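Peer 1: Protein chains in written order, with this note's numbering: chain G, 7 to 255; chain D, 19 to 145; chain P, 43 to 337. Each residue gets a CB set at the ideal place from its N, CA and C atoms; glycine is no exception. Computed from a predicted structure; not experimentally measured.
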Amino acid sequence: MSAVAASDTPTRAPQWLRVYRHLARAYGSMVFIWFWAIALPVVAIVLFIVSRNVAVEVSGVSFTFHGALWFPFSLAIIVATTYLPIHVANGMTRRSFSGAALAANVTVGVGSALMATAALLVEERIYDALGWLHADTFAGNVLGVFHDGVLTYFVGLAFLFTAGQLSGSLVGVVYYRYGGWVGTLLLPVTLAPLAAIGFLALDQDSQWTPWDISLSTTWGDALAVLILLASAVAFHLVARNTPIATRKA
Amino acid sequence: MFEGREPIYHQIAEAIRGEILSGALAEEDQVMSTTQYATTYRINPATAAKAFAELVDEGVLYKRRGVGMFVAPGAAARLRATRRAAFFTERMDPVIREAALLGLSTEDLTAYLASQGDLEQTTKERP
Amino acid sequence: MNGYPVRTEGLGMSYGRTPALHSISLDLAPDRIHGLLGRNAAGKTTLLSGLAALRPASAGTILIGGQDPFENERLMEHICLIRESGDFIPDRRLSSNLRYLQLARPTFDLDYAESLLEAFRLDPRKRAQTLSRGQASAFGAIAGLASRAPLTMFDEVHLGMDAPSRQRFYDELLKDFVEHPRTIILSSHLISEVEHLLETVTILHDGNVLLADEADALRTRGATLTGPSALVDQHADGQTVVGLRDLGPTRQVTVFGDLDEESLRSAQADGIQVGSVPLQDLFIHLTNDEPREGS
């Protein structure tokens, strides 16, 4: 074999890790820079305008959570449908792809939750200073966003965003392997992680909207974790033997 | 570029033999390497290597390690000897056959040969 | 030896219930350039997909370097298949794609790839999806060459490339093949262009191996006999006729098989023109399912 410097060193990281880093960088630039660098300033501007006329009683940042869930979700689908074939066609295993993709899902899920919680904390300070109510009136209460504790909120968000990632990956890989018809038919299954998290881990009122998050009973949490694990396993099983399609120009 | 039914390596070997006989390649001249042959004529290097191997076996070329392939001393003479043996069956017979088809006689052929002058003279002009 | 030997035993591959390959048995020696020919839908792409572990076999075995490549990490990263549609990241620049290739393969030579980009006049800052058909093919060729994979396969990589680019590819392939020997499989419809590059020829037809032979040997196994019809028929008698063409009283017959050199010489003596059969013509004759035409 030819002597090649950088890529031939004995300290070359395992395949899944190399791919994970690549995916994390790709995700990172998309989610964290594009979304948060754009979404938050927009929120700030909107709040500024709204506050001219109305007393602010709702957390503005929490309105970005829909996007924080569904935008990376759609990215996860794209990664599964377009990156998987490129990955295998370039001589890497489906196994290392599923490992890297799942690790990236958790990273993005937890990372998004971290950023969301941090943004909320900052917002809380600003609201307090301005005398605004940092709450969520959708749930019909006037409790603060963190009424159940910051950690609780963060963990709930992490579950939700990670579930979104895992669901996106599962939707994507099922569409890739089984085609449009089956992929659509199986949406109730592939979207299940999201639904399950919504019903089990989060407060009854919040469901899809992480406005008011409080983790309920411990068996709910355990079940949530199990469902997330099951969806990860399902993703791995579908990806494991999937034939890579022949693409004619 | 490569006509005929003979394998390519055979045609290459024949071409080199021809160049040695005609004097285009002199003794101790360096021959193109297999790589150069391959890339110049766009053929598989293994084919060129096979041709060279055949010529080395015959004693027409020899290899100088790390330098390349060279025409062996006495190669021209050796080739001439082998070619002479085959000349009449391989070259003359088809000519005679064609002449017969065209209705030419032996006298016609010998008269033409005579008009071409001394063959030995023609040979001496070759380097 | 650097390249992998390639073997299949009774290999069958299907798309769902539709079989594409039936019991293919191949034996390709390492460090040689092998040609894979076949008409459209003969199964070439399917076979190459199997060798590259893109699709699993439905029957039989695939052995690359003695092992099954499917989901075999160490083996897969040393097998490179360049497909006609290209497998690059569309929205990234070529330079970024090259770094991805380096991530993927331990044998990838980035410097060589960059020099090839220059040779093929591709701008590394261009995004992959903005490449023209020919440029995309050229980039695929570059990816394949620079991968330096012990088994490198090119599936119709020439598509869209103009003649000078194709020649540049063949030249680079030969040059690098000499310096870094490896097993190469070339699948191409432009048979006359690649004929002399090939050391062996495998022809697939309708999912079966029609022929697998040394390129040199194939050359001697074909001949055309041209002359007066009756005379040609006489000399062609006993040989396998794969092609026939009449022009008035003159007949040209293409024979194929273990030809008797003696009888060919006697044919020549009888005034029949004996000619060679270029690989492309042989291919057309052997894979022609249609009834033969006379005039």
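I think Ile121/P touches Ala95/P, with their Cβ atoms under 8 Å apart; what is that distance to the nearest whole Å?
Peer 2: With a Cβ gap of about 7 Å, Ile121/P and Ala95/P count as contacting.
Peer 1: Does the count of Cβ pairs from the stretch 59-66 of chain P and the stretch 247-264 of chain P closer than 8 Å reach three?
Peer 2: Yes, the stretch 59-66 of chain P is in contact with the stretch 247-264 of chain P.
Peer 1: Chain G beta carbons: is any one of them nearer than 8 Å to that of Tyr142/P?
Peer 2: Yes, Tyr142/P lies at the interface with chain G (some Cβ there is under 8 Å from its Cβ).
Peer 1: How far does the beta strand (DSSP E) with Arg82/D in it extend, from its first residue to its last?
Peer 2: Here the beta strand (DSSP E) through Arg82/D covers Leu79 to Arg82.
Peer 1: Reducing DSSP to helix, strand and coil, say where Asn330/P ends up.
Peer 2: Asn330/P: coil per DSSP, three-state reduction.
Peer 1: What separation, rounded to the nearest whole angstrom, lies between the Cα atoms of Thr60/P and Thr88/P?
Peer 2: Between Thr60/P and Thr88/P, the C-alpha separation is close to 12 Å.
Peer 1: Check whether chain G comes within 8 Å of Thr266/P, counting only Cβ atoms and requiring the distance to be less than that.
Peer 2: Not an interface residue.
Peer 1: Is Asp129/P close to chain G, meaning its C-beta is less than 8 Å from at least one C-beta of that chain?
Peer 2: With 8 Å as the cut-off, Asp129/P counts as an interface residue toward chain G.
Peer 1: In or out: Val267/G buried (at least 16 other Cβ within 10 Å) or exposed?
Peer 2: The displayed coordinates of chain G run from 7 to 255. Any statement about residue 267/G would go beyond what the structure contains.
Peer 1: Report yes or no: do the stretch 110-119 of chain G and the stretch 20-30 of chain G share at least 3 C-beta pairs separated by less than 8 Å?
Peer 2: With a cut-off of 8 Å, the stretch 20-30 of chain G and the stretch 110-119 of chain G count as touching, because enough Cβ pairs lie within range.
Peer 1: Does the beta carbon of Phe219/P come closer than 8 Å to any beta carbon on chain D?
Peer 2: Interface residue, yes.
Peer 1: Look at the alpha carbon of Ala137/G and the alpha carbon of Asp133/P, and state the distance between them as a whole number of angstroms.
Peer 2: With the sequence shown as reference, residue 137/G is identified as Gly, and Ala is not the correct amino acid for it. So the alpha carbons of these two residues sit roughly 46 Å apart.
Peer 1: Residues of chain P with CB under 8 Å from His28/G, in chain order?
Peer 2: Ordered by position in chain P, the residues that pass the 8 Å Cβ test against His28/G are Tyr142 and Leu145.
Peer 1: So which of Arg60/D, Ile114/D, Arg98/D and Met50/D has the shortest CA-CA distance to Val85/D?
Peer 2: Answer by Cα proximity: Met50/D.
Peer 1: Let's test the definition: count the other Cβ atoms within 10 Å of the Cβ of Gly186/G and tell me whether it reaches 16, buried, or not, exposed.
Peer 2: Exposed, by the Cβ-count rule.
Peer 1: Assuming Pro320/P and Ser234/P form a contact by the criterion Cβ under 8 Å, report the distance between their Cβ atoms to the nearest whole angstrom.
Peer 2: Confirmed, about 6 Å.
Peer 1: Can you tell me where the alpha helix (DSSP H) with Gln134/D in it begins and where it stops?
Peer 2: It is not in any alpha helix (DSSP H) - Gln134/D carries neither H nor E in the DSSP assignment.
Peer 1: Output the boundary residues of the beta strand (DSSP E) element that contains Ser67/P.
Peer 2: Its beta strand (DSSP E) spans residues Thr60 to Leu70.
Peer 1: Among the candidates Val297/P, Glu237/P, Thr149/P and Gly280/P, whose CA atom is the shortest distance from the CA of Thr266/P?
Peer 2: Ranking the options by Cα distance to Thr266/P, first place goes to Val297/P.
Peer 1: Out of Ala254/P, Ala188/P, Leu286/P and Ile245/P, which one is the CA nearest neighbour of Thr149/P?
Peer 2: Looking at the Cα atoms, Ala188/P is the closest of the given residues.
Peer 1: How long is the line joining the alpha carbons of Trp217/G and Ala82/G, rounded to whole angstroms?
Peer 2: Unreliable placement is indicated for Trp217/G, whose pLDDT of 45 sits below 50; the coordinate value is still reported in the next sentence. Roughly 23 Å separates the two Cα atoms.
Peer 1: Can you grab the Cα-Cα spacing for the pair Thr65/D / Ala257/P, in whole Å?
Peer 2: One C-alpha to the other measures close to 10 Å.
Peer 1: Could you have a look at Ile39/G and say whether DSSP puts it in helix, strand or coil?
Peer 2: Here Ile39/G sits in helix by DSSP.
Peer 1: For Ser308/P, would you say it is in contact with chain G, using Cβ-to-Cβ distances shorter than 8 Å as the test?
Peer 2: For Ser308/P, the answer is no, since every Cβ of chain G falls outside 8 Å of its Cβ.
Peer 1: Please compile the residues from chain P whose C-beta is within a distance smaller than 7 Å of the C-beta of Met98/G.
Peer 2: Under the 7 Å cutoff, chain P gives Met118, Glu119 and Ala146.
Peer 1: Count the other C-beta atoms from every protein chain shown that fall within 10 angstroms of the C-beta of Asn62/D, then say buried if there are 16 or more, exposed otherwise.
Peer 2: With 16 or more Cβ atoms within 10 Å of its Cβ, Asn62/D is classed as buried.
Peer 1: Between the C-alpha atoms of Glu8/D and Tyr80/D, what's the straight-line distance to the nearest angstrom?
Peer 2: Examination of residue 8/D is not possible in this model, given that chain D is present from 19 through 145 alone.
Peer 1: Could you give the DSSP three-state label for Val89/D: helix, strand or coil?
Peer 2: Correct three-state label for Val89/D: strand.
Peer 1: Mind checking if Leu119/D is an interface residue toward chain P, Cβ cutoff 8 Å exclusive?
Peer 2: So, interface residue.
Peer 1: Between which residues of its own chain and Gly280/P is the CB-CB distance below 7 Å, once the five residues before and five after are set aside?
Peer 2: Cβ neighbours of Gly280/P beyond the five flanking positions: none.
Peer 1: Quick check: is the beta carbon of Gly313/P nearer than 8 Å to any beta carbon in chain D?
Peer 2: By this cut-off, Gly313/P is an interface position.
Peer 1: Less than 8 Å between the beta carbons of Gly313/P and Gly269/P, yes or no?
Peer 2: Yes; because the gap between Cβ atoms is below 8 Å, this pair is in contact.
Peer 1: For the stretch 57-70 of chain G and the stretch 73-82 of chain P, state whether three or more C-beta atom pairs, one from each stretch, are separated by less than 8 Å.
Peer 2: Segments in contact, no.
Peer 1: Do Ile124/P and Met203/P have their CB atoms nearer than 8 Å?
Peer 2: Against a cut-off of 8 Å, the Cβ pair of Met203/P and Ile124/P comes out as no contact.
Peer 1: Tell me, please, whether the stretch 150-161 of chain G touches the stretch 90-108 of chain G by the rule of three or more beta-carbon pairs shorter than 8 Å.
Peer 2: No, because fewer than three Cβ pairs between the stretch 150-161 of chain G and the stretch 90-108 of chain G fall closer than 8 Å, the two stretches do not touch.
Peer 1: Determine whether the beta carbon atoms of Thr123/G and Val156/G lie at a separation below 8 Å.
Peer 2: Result yes, Cβ atoms of Thr123/G and Val156/G sit closer than 8 Å.
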